[in-house]
Structures are given as structure tokens and as C-alpha cells.
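Residue numbering for the sequence shown follows the working numbering, beginning at 1 and increasing consecutively.
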Amino acid sequence: MLQRIDWPVRTDRLTLRPGRPADADPVWHYRRLEPVARWLTELPADADAFRARFAAPERLAKTLVVERDGHVMGDLMVRVEDAWAQAEVADGARAVQAELGWVFDPAHQGQGYATEAVRELLRLCFVELGLRRVTALCFADNEPSWRLMERVGMRRESHNIRDSLHRSGRWLDGLGYALLAEEWNRRT
Numbered sequence: 001m002l003q004r005i006d007w008p009v010r011t012d013r014l015t016l017r018p019g020r021p022a023d024a025d026p027v028w029h030y031r032r033l034e035p036v037a038r039w040l041t042e043l044p045a046d047a048d049a050f051r052a053r054f055a056a057p058e059r060l061a062k063t064l065v066v067e068r069d070g071h072v073m074g075d076l077m078v079r080v081e082d083a084w085a086q087a088e089v090a091d092g093a094r095a096v097q098a099e100l101g102w103v104f105d106p107a108h109q110g111q112g113y114a115t116e117a118v119r120e121l122l123r124l125c126f127v128e129l130g131l132r133r134v135t136a137l138c139f140a141d142n143e144p145s146w147r148l149m150e151r152v153g154m155r156r157e158s159h160n161i162r163d164s165l166h167r168s169g170r171w172l173d174g175l176g177y178a179l180l181a182e183e184w185n186r187r188t
């Protein structure tokens with residue numbers, strides 16, 4: 001579905017574009033850092049394993065990279081999904097929502113780049129793709145991620161108690177955020 005967008009997309013300071021295999025090394029550079037890696041869903045053992053996983057067609061189909069002045073500084077995930085529906089109306093729920101995710105190089109924190117990139121991602125989802133709803137999940141302890149969700153106008157829909165098993169072996173709380181197209185339209 002991302003192929004429907006005329007890439008690359010530019011904001012005031014950033015460029016968003018589909019990921020490609022050559023992006024694996026710069027993305028690995030920040031994803032391997034402990035402050036980032038501790039929150040990732042999957043942590044490949046080494047750079048070679050990451051390159052193979054990153055270059056998989058099913059992953060690249062939902063991956064965007066964020067660049068500033070030609071340097072990769074973050075990556076975004078857009079997984080377009082069907083909404084739940086009763087059988088008689090299931091066709092109307094196909095590919096109408098997306099789960100979003102993001103990872104940014106901490107070297108660029110505090111400059112508003114993540115906020116700028118995710119705001120543009122929301123615009124792409126609602127305007128270019130015509131989605132009706134987006135969601136995002138994170139560990140409750142991942143404060144930078146949920147603060148970003150709130151900055152871009154997403155609403156906290158759930159706080160699940162110890163529902164997420166962390167690689168540390170501890171069960172952590174999880175947070176779920178969402179935004180509807182109509183809510184986004186009221187804010188723009």
C-alpha cells in the first residue's frame with residue numbers, strides 16, 4: 001500500500017522514503033545502542049543477522065527511513081491492517097487501519113525530528129492512504145515513545161498491567177495509543 005505514495009516525501013527538515021537493503025548498516029548503527037535496543041521487539045545477534053532481516057521483502061514493504069541531509073536518522077514502520085468486523089461487512093474493514101512504529105538515533109534527540117517525522121507519517125496515513133485509524137504500542141517504561149505519541153495527538157486507549165514480557169525476563173506494563181482520521185482532521 002505504501003507504493004501508492006509519491007516518494008520521497010519532504011518536510012521542512014527531513015526526507016521520508018521507503019527503506020532499501022543499503023539502509024541496513026546506518027539503521028543498525030543506532031538500533032544496536034543499549035538505550036534503543038532495550039525497547040525493540042526483536043534484537044538480532046549481530047550486524048549480519050540484522051542485514052538479512054532488514055532486507056527481507058516483507059519487512060521492506062512496511063519500512064520507511066527518515067533522513068536529514070542525506071543521513072539516515074530513524075526508521076518508521078507502517079503495517080496496514082484489516083479492522084475487526086462482522087462477517088457480513090468484512091469487506092468494508094479491509095486495509096483501513098495501520099499499526100505504526102518508530103526508532104530514532106538518540107544522537108538527534110531533543111531537536112523535534114521524531115515529532116516532525118511522525119506528524120508527517122500521520123498525514124501520509126490519513127491523507128495519502130485514506131486510512132481511518134492508526135495505532136501504536138510500547139512498553140509503559142519507554143517514556144520517550146509514549147510522550148511522542150501524545151505530542152502528535154494520539155490518545156492513550158489502554159494501559160495493560162504486566163502484559164508484555166521483556167527480554168529481561170520481567171513482565172512489564174504495555175500502553176496502546178490510537179488516532180482516528182476525524183480526530184487528526186480536527187487538529188490540522
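Each residue gets a CB set at the ideal place from its N, CA and C atoms; glycine is no exception.
Sort out for me which residues DSSP pairs residue i with in a bridge.
{"i": "Arg78", "result": "For the sequence presented, residue 78 should be read as Val rather than Arg. Leu100."}
{"i": "Trp184", "result": "Looking at the DSSP assignment, Trp184 forms no beta bridge with any residue, so it has no partner."}
{"i": "Leu172", "result": "Ser164"}
{"i": "Leu179", "result": "Val134"}
Spatial neighbours of residue i within its chain, please: C-beta separation below 8 angstroms, excluding the five flanking residues on both sides.
{"i": "Arg68", "result": "Arg13, Leu14, Thr15, His108 and Tyr113"}
{"i": "Ala85", "result": "Gly92 and Ala93"}
Is the closest heavy atom of the ligand COA to the C-beta of residue i under 7 angstroms?
{"i": "Ala117", "result": "Of ligands this structure carries none, so the ligand COA is not represented either."}
Have a look at the options and flag the residue whose alpha-carbon is nearest the alpha-carbon of residue i.
{"i": "Trp7", "options": "Glu120, His166 and Asp141", "result": "Glu120"}
{"i": "Thr135", "options": "Glu150, Asp91, Arg186 and Pro144", "result": "Glu150"}
{"i": "Val36", "options": "Trp102, Ala181, Arg20 and Arg133", "result": "Trp102"}
{"i": "Ile161", "options": "Leu148, Gly176, Val152 and Gln86", "result": "Gly176"}
{"i": "Pro18", "options": "Thr11, Lys62 and Arg31", "result": "Lys62"}
{"i": "Glu157", "options": "Ala56, Ala117 and Leu137", "result": "Leu137"}
{"i": "Gln97", "options": "Arg186, Ala178 and Ala24", "result": "Ala178"}
{"i": "Asp75", "options": "Tyr30, Arg38, Pro57 and Glu42", "result": "Tyr30"}
{"i": "Arg38", "options": "Glu99, Thr188, Gly130 and Arg170", "result": "Arg170"}
{"i": "Arg187", "options": "Leu122, Val65 and Pro144", "result": "Leu122"}
{"i": "Glu128", "options": "Met154, Glu58 and Val80", "result": "Val80"}
{"i": "Glu58", "options": "Glu116, Val89, Arg20 and Gly110", "result": "Arg20"}
{"i": "Gly70", "options": "Pro26, Arg155 and Pro144", "result": "Pro26"}
{"i": "Asp23", "options": "Glu143, Ala55 and Leu33", "result": "Ala55"}
{"i": "Glu42", "options": "Glu116, Trp184, Glu183 and Arg167", "result": "Arg167"}
{"i": "Leu100", "options": "Glu88, Met154 and Ala90", "result": "Met154"}
{"i": "Gly193", "options": "Leu64, Ala87, Asn185 and Val72", "result": "A question about residue 193 goes unanswered here, because the residues of the chain that appear run from 1 up to 188."}
{"i": "Gly110", "options": "Ala90, Glu88 and Pro144", "result": "Pro144"}
Which same chain residues end up closer than 6 angstroms to residue i when comparing Cβ atoms and leaving out the 5 residues on each side of it in sequence?
{"i": "Arg94", "result": "Asp82"}
{"i": "Trp28", "result": "Ala47 and Phe50"}
{"i": "Pro44", "result": "Phe50 and Arg53"}
{"i": "Ala181", "result": "Phe126 and Arg132"}
{"i": "Pro106", "result": "Pro35"}
{"i": "Asp163", "result": "Gly174"}
{"i": "Phe104", "result": "Gly74 and Ala114"}
{"i": "Leu60", "result": "Gly19"}
{"i": "Trp146", "result": "Cys138 and Leu175"}
{"i": "Thr11", "result": "Glu116 and Glu120"}
Can you list, in chain order, the residues of its chain whose CB lies under 7 angstroms from that of residue i, leaving out five sequence neighbours each side?
{"i": "Asp141", "result": "Leu172"}
{"i": "His159", "result": "Ala140, Asp173 and Leu175"}
{"i": "Leu124", "result": "Ile5 and Val9"}
{"i": "Val118", "result": "Trp102, Leu148 and Val152"}
On the premise that residue j lies in contact with residue i, defined as a C-beta separation below 8 angstroms, what is that separation, rounded to the nearest angstrom?
{"i": "Leu2", "j": "Val78", "result": "6 angstroms"}
**Request:** Only counting runs of 4 or more residues, tell me where the alpha helix (DSSP H) segments fall wholly within the segment 6-79, in order along the chain.
**Result:** Segments of the alpha helix (DSSP H) lying fully in the segment 6-79: 24-31, 34-37, 47-54 and 57-60.
**Prompt:** Taking only runs of the beta strand (DSSP E) that begin and end inside the segment 79-166, which ones reach a length of at least 3 residues, in chain order?
**Reply:** Here the runs fully enclosed are 97-104, 133-139 and 155-165.
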